[in-house]
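Engineer:
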Amino acid sequence: MAAEKGLIDLLHAVRALLAEGLRLEVDLIGDGRERQRLERQVQELGLSGAVRWAGHLADRRHYFERLREADIFVLPSRSEGVPKVVVEAMVAGLPVIATATGGVPGLLAAGRRGRLVPVGSPTELAAAIRDLAADESERARLRSEGLRWSAAHTVDAQAGRLIAWMKSAFPELAWADHGPLAETATTAAAA
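Using this note's numbering, the first residue of the sequence shown is number 5, and each one after it goes up by one.
(1) Can you tell me which of the three DSSP states residue 76 falls into?
(2) Nearest CA to the CA of residue 77: which residue from 91, 84, 85?
(3) Mind the definition here: the segment 84-102 touches the segment 148-160 only if three or more C-beta pairs lie below 8 Å; say whether that holds.
(4) Any chance you could list the alpha helix (DSSP H) runs of at least 4 consecutive residues sitting entirely within the segment 95-151, in chain order?
(5) Is any heavy atom in the ligand COA found nearer than 8 Å to the beta carbon of residue 33?
(6) Please list the terminal residues of the continuous alpha helix (DSSP H) segment that includes residue 164.
(7) By DSSP, does residue 195 sit in helix, in strand, or in coil?
(8) Out of curiosity, what's the CA-to-CA distance linking residue 85 and residue 100?
(9) Taking 9 Å as the threshold (C-beta atoms), are residue 79 and residue 58 in contact?
(10) In this structure, does DSSP put residue 17 in helix, strand or coil?
(11) Just the C-alpha distance for residue 147 and residue 87, rounded to the nearest angstrom, thanks.
(12) Given this structure, state the Cα-to-Cα distance separating residue 7 from residue 164, to the nearest angstrom.
(13) Can you give the beta carbon distance from residue 15 to residue 134, rounded, assuming they're within the 8 Å contact cut?
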């Protein structure tokens, strides 16, 4: 947990949504230098009953179990590169709401695979959460889009596409259709 993750914006959005009467719980996964400050902010905003602290989840299986228990994944970052957590959320079948920073718009296909909100806007973040919480069909659509995209971007799928491309680019070479990547290449070529 770091300041650039924008969790303060999420807390303000949650406070606004609770004030409107929306029932929600927030699980914060992770630890870091900002955790104590965030815990104080949760207390000051009166969010103790709505925010749970999962801490760092080193066991990947447990991490994905926690993700799958959620209804929506929110990444309110103020700056990012290409955040792995967005891909992990899609793999877990979660609709994603994230700020339009760094590589996030690309991962979310400019909003087609998830909701994008401006950086540093708790009001717009709250609106996106409210709208998505109320729209089961949109959550299902985003879940489906995310699962489809993430399945096409596994290491095996990428390796298979590379092998298929190499075979088509260099047909004169004798390609063995056996070995550890043969099934991957066949599967990816069919996809």
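Heads up, the beta-carbon is just placed ideally off N, CA and C, and yes, glycines get one too.
Structural biologist: According to the structure shown:
(1) coil
(2) 91
(3) A contact between stretches requires three or more CB pairs, one per stretch, nearer than 8 Å, and the segment 84-102 meets this requirement with the segment 148-160.
(4) 108-111, 126-138
(5) Ligands displayed in this structure: none; no statement on the ligand COA is therefore possible.
(6) Its alpha helix (DSSP H) spans residues 159-173.
(7) Residue placement at residue 195 cannot be trusted, given a pLDDT of 49 that sits under 50; the coordinates are not used to answer.
(8) 16 Å
(9) no
(10) helix
(11) 18 Å
(12) Whole-angstrom Cα-Cα distance: 39 Å.
(13) At roughly 16 Å, the Cβ-Cβ gap does not stay under 8 Å, so residue 15 and residue 134 are not in contact.
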